[in-house]
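Working notes, structure below.
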Amino acid sequence: MKFYNINYHKEKKTFSQALQQGLGINQGLFFPEYIPKLNNKTIENILNLNFIDKSSYILSLFLEKEMELNILNKKIKKGFNFPLIFNIFDKNLACLELFHGPTLAFKDFGVRFMAQMLKFFNKGKKNKIIILTATSGDTGAAVAHAFYNIKNIEIVILYPYKKISILQEKLFCTLGNNIKTIAIKGNFDDCQKLIKKSFNDQELKQTLNLNSANSINISRLLAQICYYFEAFSQIPLDQRKKKIIISVPSGNFGNLTAGLIAKVMGLPIHKFIAATNINDTIPRYLNLKHWEPKKTISTLSNAMDVSIPNNWPRIKKIFQTNNWNLNLLESKSITDLETTQTTINVFNKYKYILEPHTAVSFCALKKYILEKNTFNIFLGTAHPAKFKEYIYNTLHKKIMLPKILTNCIKKENLSYKLPNNFLVLKNFLIKNYII
Ligand SMILES: *Cc1c(COP(=O)(O)O)cnc(C)c1O
């Protein structure tokens, strides 16, 4: 299978090339040339496999001859080495908990698969890969843990000094070895500008083998298709004939893109709900047919504070190629007030704790006027322990920290501190990575 550049159709790459290149010409996203369609019998067979075998089968349809199935299976076992929990609340309501990975957020799936793939395709090459990325919190942790101790891959993560929580910082700045973290005296935008400048610098480009690991990488997207199949296989048999509705808390819309690909492949999902916070470019676009991104606003569900979702071109492609009407997609924007109210209501009713992103997904599901005869799933994208203060302020409850967090709190922060200055960063990179 080839992957083509959405902005420049003539550019076609294999999986391993698209993986290593990240973006194509004109900043174009890569997308599969075709999406494999499975018949009912095949889908039924896949649903009966365990999560690792299921994922291997699905991903092998995209990787084809680039990797043997048994090797792919081993890589996925290493990548997806944590549980995925399907928590059934009521007869027709469940949460797909995607937050039991090493950094307690669903991004672990995509990033860990990417790490395993880069490791495999870089094997035997002399060059080290240097992954340079910026984070406002969560992605950095997922990247650091996914690539920790992988040979010949060095990780450099920039983040804004004193602008992320201590807990977040400890989660990825205490690892050491092949992980270097740099606190930049500036904000997140400054960090991203520094990254852009580095990628555009000819000298750095020629001397260092730079890669970005960012969220638009095709490998991260493909990995996320797998858990939609897993969710479906966990729906009780007597409920599967109902219309399946899935609510996806969305920021850059990668998670939703993966769900739509699962639907194209033949997974019988009736409807997706794109749940956003008040950064509502997509709900407004779907309702008013008018594309008008506004300035990004900070909210409680901060990983979804995005006003220009970078996966939207892929979603448009999916709708075009399949002749789908955009009405198939429901979209709801949820305020912070509704978010906290949802956390309170759900706790009172089910004794279940929702962090802000998952609360947005639940609230959008409830707001959507429920059709009869449905089974409803909302995605849980972060562990509530990552939002200790929010939970305390909203529910007046102290939440127990999982072991991963208590362990790293004790460790020393190994970050470097640099000014918001490109030349200083450039010298740092050259000094550390050119032998
Ligand atoms: C990144 C993130 C999201 C949004 O996912 P997208 O794929 O960008 O739409 C939702 N919840 C959490 C906790 C996240 O970290």
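According to our numbering, the residues represented by the sequence shown are 7 to 441, in order. All residues carry an ideal CB built from backbone N, CA and C; glycine is no exception. Remember, predicted model here, so these are calculated numbers, not experimental data.
Spatial neighbours of residue i in its chain, beta-carbon cut-off 7 Å, leaving aside the 5 residues before and after
i	result
Y167	A189, I190, K191 and K423
S66	L75 and L78
Y63	I52 and L55
N11	E17, G30, I31, G34 and F36
N133	N215
F414	The question names Phe, yet the displayed sequence has Cys at residue 414. So the list reads K176, L177 and T180, once near-sequence residues are dropped.
E377	K249
For residue j and residue i, believed in contact at Cβ under 8 Å, the rounded distance
i	j	result
N285	T302	6 Å
L401	I359	7 Å
E361	P390	4 Å
Y356	F105	The Cβ separation is near 17 Å, so there is no contact.
S142	I170	7 Å
I397	I405	5 Å
N329	T305	Not confirmed; about 35 Å, so no contact.
F9	E39	7 Å
Three-state secondary structure (DSSP) of residue i
i	result
H151	helix
Y167	coil
H15	strand
L35	coil
V312	coil
L216	strand
G107	coil
N93	strand
T380	strand
S66	helix
P289	helix
F9	strand
E344	helix
I410	helix
I172	helix
I284	coil
F278	strand
P299	coil
L181	coil
Y374	coil
P42	coil
L435	helix
L424	strand
K322	helix
S22	helix
S337	strand
G265	helix
L102	strand
P242	coil
Proximal residues to residue i (C-beta, below 6 Å), its chain only, five neighbours per side dropped
i	result
A140	L164, C197, Q198 and I201
N258	S221, V312, P315, N316 and N317
K417	T180
G116	R226, A229 and Q230
N426	I190, K191, G192 and D196
K239	In the sequence as presented, Lys is not what sits at residue 239; that position holds Ser. L53.
A219	I137, T139 and V149
Beta-carbon proximity list for residue i, same chain, < 8 Å, skipping 5 on both sides
i	result
N98	Q245, K248, T380, F381 and N382
E103	L90, I91, F92, N93 and G386
H296	R290
A147	T109, A111, T141, Q174, L177 and F178
Closest Cα partner of residue i within the set the options
i	options	result
I185	Y40, L124 and A150	A150
F119	A111, F92, A152 and M310	A152
T345	L371, T327 and L334	L371
S61	A268, L306, L173 and Q347	A268
S421	F115, G182, S171 and L69	G182
I41	I58, E17, L69 and D59	L69
Q23	L306, F86 and N217	N217
A309	A111, N438 and Q326	A111
N293	A280, K43 and L210	A280
F127	T287, I170, L25 and L214	L25
F57	F194, V270 and G85	G85
I288	S339, L243, V270 and T349	S339
I82	A121, T48 and K19	A121
N13	K71, K322 and F353	K322
I307	M123, D342 and N329	The identity of residue 307 in the sequence shown is Ser, whereas the question assumes Ile. Selected option, being the one with the closest Cα: D342.
Y234	N223, S253, V366 and I161	S253
N433	I324, N283, S367 and T213	T213
M123	E39, F21 and D114	F21
I241	L173, S142 and I275	I275
T364	T305, K300 and A388	A388
N46	L266, I135 and L273	L273
K43	E72, V270, L435 and F88	V270
F428	P299, G260, S204 and Q208	S204
Y154	G130, T187 and K131	T187
Chain B within 8 Å of residue i, Cβ atoms only
i	result
E236	Absent here is chain B; the protein component of the structure consists of one chain.
Residue i Cβ short of 7 Å to ligand 3 heavy atom set
i	result
G257	Looking for ligand 3 in the displayed structure turns up nothing; the ligands present are ligand 1.
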